[in-house]
Amino acid sequence: MVFGIGGSSAKPAGPAGMGAGVGSAQLEAATAELDMITDVYNRLVSSCHKKCISTHYGEPDLNKGESVCIDRCAVKFFAVNKAVGEQLQKVTGDAQSGGASAGSFF
93 MVFGIGGSSA KPAGPAGMGA GVGSAQLEAA TAELDMITDV YNRLVSSCHK KCISTHYGEP
153 DLNKGESVCI DRCAVKFFAV NKAVGEQLQK VTGDAQSGGA SAGSFF
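So the sequence shown is numbered by our numbering: it starts at 93 and just counts up by one.
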């Protein structure tokens with residue numbers, strides 16, 4: 093029997109054997125998820141930076157107003173992101189169950 097190709101080979105537990113049982117589909121799904129998370133983070137940073145931070149960098153640190161603005165911007169960003177996700181799930185659920193609004197977002 094050849095280890096790693098068919099059969100039942102014992103895979104070592106712990107850090108050395110962590111990636112041994114991961115299939116290409118799981119790896120692609122994890123990569124896609126990482127790309128989505130990175131995209132959300134980059135949009136958050138870009139949006140809140142434009143709204144809250146002056147283009148004239150006079151100080152090395154954020155001042156009080158900028159810090160408060162960044163905090164509020166991040167909270168609003170994630171609240172809207174959550175609301176949009178819930179709405180999309182609702183619409184997708186309605187479409188899958190054969191609801192009257194299938195195929196329409198409104």
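Glycine included, each C-beta is placed from N, C-alpha and C at the ideal position.
Every value quoted in this text rests on a predicted model; they were computed, and no experiment measured them.
Query                                                                                                                                         : Result
Taking 8 Å as the threshold, find out whether the segment 135-147 comes into contact with the segment 161-173 through three or more Cβ pairs. : yes
Would you identify the three-state DSSP class for T147, choosing helix, strand or coil?                                                       : coil
Which value, in whole angstroms, describes the spacing of the CA atoms of V183 and E151?                                                      : 47 Å
Could you round the C-beta distance between V132 and N173 to whole angstroms and report it? I think they count as a contact, below 8 Å.       : 7 Å
When you compare only the Cα positions, how much space is there between V176 and R135?                                                        : 15 Å
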